[in-house]
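*Asks:* After the structure tokens below, expect a handful of questions from me.
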């Protein structure tokens, strides 16, 4: 199987070898459990490199986990294949298995998974699919947080990873987890490597403006100001003033946050444009 992977790079030959292995008592030739694992490592690598997602997942469902538990490098390859084909229906199964295999602390696996999820957000998806993805992003965040708190995971959060999770949460209308992640960024700034992409934060603010989530807006604006994120805050504040009906107390909170003079200046410009 190693020759099929590295030299022949041909799944048809690999499948013939596999069929031969399953004939009669030939499976005894595979050796001990370590050699069996190496065999399937090469088998799945060929599948990921050369075959369709449907065929890959057929063998995945047949063999994992009762015969083979993928090593993190193979899990990453499987996730990449799913990402390329935008087969988002397999994300929940993969995440469940990643947890079961104790691979949630493998940063390359988690980065590949969340990058793929964030890149495969298509407006044409049915609402139920969007909501499932949004809930999954929240589950990923909660699961890793829980394991970090108990010391099971040492992996550090990165701004990029959290930004991806925010994006997927918003896509599925999971504002609760999206806000929790914003608060995590704000309250644990020194523990997080880097910051999210400014577009992730802009999208969060725009979502909250459209849904009239004022408290969430305040949390996000405070985070932007604290880290000096490159977001055009003036335009967003103007949009808040123009799109939302703010109470006197809400106006006071917002103006205190960005500076009273600055707020009045933005408000005046916005009102002059409207009039």
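Numbering (this note's numbering), first residue to last: 2 to 276.
Don't be surprised by glycine CBs; every beta carbon is placed ideally from N, CA and C.
It should be emphasised that the depicted structure is a prediction, and the values quoted were computed from it without experimental measurement.
In angstroms with no decimal places, state the Cα-to-Cα distance between residue 239 and residue 179.
*Replies:* When rounded, the distance between both Cα atoms is 23 Å.
*Asks:* Under 7 Å Cβ to Cβ from residue 1, same chain only, skipping five residues before and after it: list those, please.
*Replies:* The question about residue 1 has no answer, for the chain in this structure spans 2 to 276.
*Asks:* Closer than 8 Å by C-beta to residue 204: which residues in its own chain qualify, once you throw out the five before and the five after it? Chain order, please.
*Replies:* Here the set comprises 167, 168, 171.
*Asks:* Give the DSSP-derived three-state secondary structure of residue 83 in the structure shown.
*Replies:* Three-state result, residue 83: helix.
*Asks:* Just the Cα atoms here: how many angstroms apart are residue 219 and residue 246?
*Replies:* About 15 Å.
*Asks:* Apart from the five residues just before and just after residue 128, which ones in its own chain have a Cβ nearer than 8 Å to its Cβ?
*Replies:* Taken in chain order, the list of residues that qualify is empty.
*Asks:* Could you give the distance in angstroms between the alpha-carbon of residue 78 and the alpha-carbon of residue 42?
*Replies:* C-alpha separation (whole angstroms): 11 Å.
*Asks:* Measure the CB-CB distance between residue 186 and residue 224 and report whether it falls below 7 Å.
*Replies:* For residue 186 and residue 224, yes; Cβs fall inside 7 Å.
*Asks:* If you run the structure through DSSP and keep just helix, strand and coil, what is residue 151?
*Replies:* Residue state, collapsed to three classes: coil.
*Asks:* Which partner residues of residue 159 appear in the DSSP bridge assignment?
*Replies:* In DSSP, residue 159 forms a bridge with 194.
*Asks:* Tell me whether the beta-carbon of residue 93 lies closer than 7 Å to the beta-carbon of residue 137.
*Replies:* A contact, by the Cβ cut-off of 7 Å.
*Asks:* Fully enclosed by the segment 25-63, which alpha helix (DSSP H) runs are 4 residues long or longer?
*Replies:* Runs of the alpha helix (DSSP H) inside the segment 25-63: 34-51.
*Asks:* List the endpoints of the continuous alpha helix (DSSP H) containing residue 237.
*Replies:* Looking at the DSSP string, the run of the alpha helix (DSSP H) that includes residue 237 is 234-244.
*Asks:* Would you please state the rounded distance, in angstroms, between the beta carbons of residue 12 and residue 51? I believe it to be under 8 Å.
*Replies:* The pair is a contact, with the Cβ atoms about 5 Å apart (cut-off 8 Å).
*Asks:* Name the two residues that bound the continuous alpha helix (DSSP H) containing residue 259.
*Replies:* 249-259 is the span of the alpha helix (DSSP H), which, as asked, contains residue 259.
*Asks:* Measuring straight from C-alpha to C-alpha, what distance separates residue 34 and residue 40?
*Replies:* Roughly 10 Å separates the two Cα atoms.
*Asks:* By how many angstroms is the C-alpha of residue 182 removed from the C-alpha of residue 63?
*Replies:* Taking the straight line joining both Cα atoms gives about 36 Å.
*Asks:* By alpha-carbon positions, which one of 28, 188, 123 ends up nearest to residue 84?
*Replies:* When each option's Cα is compared against that of residue 84, the closest is 123.
*Asks:* Give me the Cβ distance between residue 86 and residue 54, rounded to the nearest whole Å; I'm assuming they're in contact under 8 Å.
*Replies:* The pair is a contact, with the Cβ atoms about 4 Å apart (cut-off 8 Å).
*Asks:* Compare the C-beta of residue 79 against all C-beta atoms of chain D and say whether one is closer than 7 Å.
*Replies:* Among the chains in the structure shown there is no chain D, since it carries only a single protein chain.
*Asks:* My output table needs one value for residue 124: the three-state DSSP class, helix, strand or coil.
*Replies:* Correct three-state label for residue 124: coil.
*Asks:* If distances are taken between C-alpha atoms only, which option among 98, 262, 91, 251 comes closest to residue 117?
*Replies:* Nearest option by C-alpha distance: 91.
*Asks:* By a C-beta neighbour count over all protein chains shown, 10 Å radius and 16 as the cutoff for buried, is residue 46 buried or exposed?
*Replies:* Counting Cβ neighbours within 10 Å, residue 46 comes out buried, since at least 16 surround it.
*Asks:* Give the secondary structure of residue 136 by DSSP, where H, G and I count as helix, E and B as strand, and everything else as coil.
*Replies:* Note: residue 136 maps to helix in three-state DSSP.
*Asks:* Compare the beta carbon distance of residue 164 and residue 197 with 7 Å and say whether it is the shorter of the two.
*Replies:* Cβ distance < 7 Å, so residue 164 and residue 197 count as in contact.
*Asks:* Check residue 21 in the structure and name its three-state DSSP category.
*Replies:* It is helical.
*Asks:* Could you round the C-beta distance between residue 21 and residue 31 to whole angstroms and report it? I think they count as a contact, below 8 Å.
*Replies:* No, residue 21 and residue 31 are not in contact; Cβ-Cβ is about 11 Å, not under 8 Å.
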